[in-house]
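J.: In UniProt numbering, the protein residues as written are 1 to 363. Note that the Cβ used here is the ideal one computed from N, Cα and C, for glycine as well.
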Ligand SMILES: Cc1cc2nc3c(=O)[nH]c(=O)nc-3n(C[C@H](O)[C@H](O)[C@H](O)COP(=O)(O)O)c2cc1C
């Protein structure tokens, strides 16, 4: 099915239809920018395969009521255990970009992580969904003053927590983009900056880095001056999880950036159980990289995540139908999650443990 505009998004019957419609609307180079990963895309493929390697263990005749999908993350109530990822250059996929994402989150009881390198200012996005909770994403780079300036802007605009992207000291080498000679225009990354030059001065460091990568102590010290809770995104090992928590992180996003950064590493799902063991039950964990449907959400939660972060899947909804397209993604996810929980014989997400899964061959 092809949709020519945002109307009619409710007619999408499956998540795959939404992806197909999204890719049908984008240029080949924009599709490659969205879909591609770094290097040989080994990690990109592993992210999907990791989900296929777990099979469900159903319990029939369980006597369970209709499953509950409500959840909480960093003090925010969620109707579904879902956050939308910070994705930069969002105007490439839909002119309303994260403004539409924030509205869709507000309408469905989910939460946006708004990117520093987005097409619209963080203040404009906050104003578009004034009663909804959102988190603000930053890159730890540049001067202390520059970093604190944007964190304080998030605090003043009412954002509830900060998400620090720790796995992009420099951009990964994404070969599809290199082959296409493609990088979205700086205007699409620069919504938070007054001029393109300013955006380039700040974000250009992600491409040609000249200063050392920050240590945890510098990050923790600066964020302590602002006082908002923060999460570290891009954690893939138990050691880094412990270091982030020691530096003051209240939550972690277990993530390999959707395979867009260090190629050749593990799937994020495969790192999740040992990270949960390392930090214990008190530290909240979200998982991203490879979530494409409700079964993936259920598996991530069974293996220790409190919530998942949607990257490309959220972009598909946005590109296919703006706010309505993304709302449809959430509706279909809700239907898939409740169907799977019912068939698994679990009454709620909190009933999910690793016992709901068993290792299996991918098909
Ligand atoms: C087009 C695109 C742009 C992204 N831009 C950012 C960004 O600016 N900051 C960031 O922390 N992560 C960024 N990410 C990574 C996502 O936040 C998330 O970690 C990743 O997409 C999860 O993997 P998935 O796409 O397989 O769900 C981007 C991802 C995509 C697809």
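Tell me, please, which residues DSSP counts as bridged to residue 136.
T.: Bridge partners of residue 136: 114 and 162.
J.: Could you give the distance in angstroms between the alpha-carbon of residue 153 and the alpha-carbon of residue 145?
T.: Each residue's alpha carbon lies about 12 angstroms from the other.
J.: Mind checking whether the beta-carbon of residue 119 lies closer than 7 angstroms to any heavy atom of ligand 1?
T.: Because no heavy atom of ligand 1 lies under 7 angstroms away, the Cβ of residue 119 does not count as near it: no.
J.: Hey, would you say the C-beta of residue 87 is under 7 angstroms away from at least one heavy atom of ligand 1?
T.: True, at least one ligand heavy atom lies under 7 angstroms from that Cβ.
J.: Do residue 288 and ligand 1 come close, with the Cβ less than 7 angstroms from some heavy atom?
T.: Within the cutoff, so yes.
J.: Would the beta-carbon of residue 111 fall within 8 angstroms of that of residue 87?
T.: For residue 111 and residue 87, no; Cβs fall outside 8 angstroms.
J.: Rounded to the nearest angstrom, what separates residue 19 and residue 337 at their Cα positions?
T.: Going by the C-alpha atoms only, they are around 19 angstroms apart.
J.: Where does the unbroken alpha helix (DSSP H) through residue 214 begin, and where does it stop?
T.: Neither: residue 214 is in no alpha helix (DSSP H) and is coded neither H nor E.
J.: I'd like the list of long-range same chain contacts for residue 42, defined as Cβ closer than 6 angstroms, with 5 residues on each side in sequence excluded.
T.: Same-chain partners within the cutoff: 263 and 264.
J.: Just to confirm, is the Cβ distance from residue 407 to residue 289 under 8 angstroms?
T.: Nothing about residue 407 can be reported from this structure: the residues present for the chain run from 1 to 363 only.
J.: Between residue 99 and residue 356, which are expected to be in contact by the criterion C-beta below 8 angstroms, what is the C-beta distance as a whole number of angstroms?
T.: Their Cβ separation, rounded to whole angstroms, is 37 angstroms, which puts residue 99 and residue 356 out of contact at 8 angstroms.
J.: Identify, in the order they occur along the chain, each residue of the same chain with its Cβ nearer than 6 angstroms to the Cβ of residue 107, setting aside the five sequence neighbours on each side.
T.: Cβ within range, chain order: 327.
J.: Within this structure, are the beta carbons of residue 319 and residue 9 separated by less than 8 angstroms?
T.: In this structure, residue 9 does not lie closer than 8 angstroms to residue 319 by Cβ.
J.: Could you pull the start and end residues of the alpha helix (DSSP H) that residue 301 belongs to?
T.: Where residue 301 is concerned, the enclosing alpha helix (DSSP H) stretches over 294 to 302.
J.: Could you check if residue 178 is buried or exposed, using at least 16 other CB atoms within 10 Å of its CB as the buried criterion?
T.: Exposed is the call here.
J.: Starting from the C-beta of residue 334, find all residues in its chain whose C-beta is less than 7 angstroms away, skip the five residues before and the five after it, and write them out in chain order.
T.: Correct list, in chain order: 69 and 80.
J.: Would you check whether ligand 1 has a heavy atom nearer than 7 angstroms to the C-beta of residue 366?
T.: Nothing can be reported for residue 366: it is not among the residues displayed for the chain, which extend from 1 to 363.
J.: On a Cα-Cα basis, can you pick out the residue from 25, 102, 30 and 48 that is closest to residue 375?
T.: Not covered by the structure: residue 375. The range shown for the chain is 1 to 363.
J.: Name the DSSP beta bridge partners of residue 348, please?
T.: 68.
J.: By alpha-carbon positions, which one of 237, 281 and 174 ends up nearest to residue 207?
T.: Checked all of 237, 281 and 174; the closest Cα to residue 207 is 174.
J.: Looking at the C-beta of residue 278, does it have a partner C-beta in chain D at a distance below 8 angstroms?
T.: Absent here is chain D; the protein component of the structure consists of one chain.
J.: Give me, in chain order, the residues of the same chain whose beta-carbon lies closer than 7 angstroms to that of residue 203; leave out the 5 immediate sequence neighbours on both sides.
T.: 117 and 189.
J.: Going along the chain, which unbroken runs of the alpha helix (DSSP H) with 4 or more residues stay wholly within the segment 32 to 92?
T.: Within the segment 32 to 92, the complete alpha helix (DSSP H) runs of at least 4 residues are 42 to 52.
J.: Just to confirm, is the Cβ distance from residue 358 to residue 55 under 8 angstroms?
T.: Result yes, Cβ atoms of residue 358 and residue 55 sit closer than 8 angstroms.
J.: Under three-state DSSP, which class holds residue 2?
T.: Confidence is the limiting factor: at residue 2 the pLDDT is only 39, short of 50, which leaves the residue's position unreliable, though a coordinate-based value still follows. Coil, per DSSP.
J.: How far does the beta strand (DSSP E) with residue 234 in it reach, from first residue to last?
T.: Element bounds for residue 234: 230 to 235.
J.: Alpha carbon to alpha carbon, what distance is there between residue 163 and residue 172?
T.: Whole-angstrom Cα-Cα distance: 20 angstroms.
J.: How far does the beta strand (DSSP E) with residue 383 in it extend, from its first residue to its last?
T.: The requested residue 383 does not occur in the structure, where the chain is confined to residues 1 to 363.
J.: Classify residue 67 as buried or exposed, calling it buried when 16 or more other Cβ atoms lie within 10 Å of its own Cβ.
T.: With 16 or more other Cβ atoms within 10 Å, it is buried.
J.: For residue 266, does the three-state DSSP call read helix, strand or coil?
T.: Reduced to three states, the DSSP call for residue 266 is coil.
J.: The alpha helix (DSSP H) spanning residue 21 covers which residue range?
T.: Run containing residue 21: 15 to 25, per the alpha helix (DSSP H) assignment.
J.: Taking 8 angstroms as the cut-off, decide whether the C-beta atoms of residue 82 and residue 295 are in contact.
T.: Contact: no.
J.: Leaving aside the five residues before and after residue 128 along the sequence, list all residues of the same chain whose C-beta is less than 7 angstroms from its C-beta, in chain order.
T.: 99, 102 and 103, listed in sequence order.
J.: Which residue's Cα is closest to the Cα of residue 60: 341, 349 and 360?
T.: Among 341, 349 and 360, the Cα nearest to that of residue 60 is on 341.
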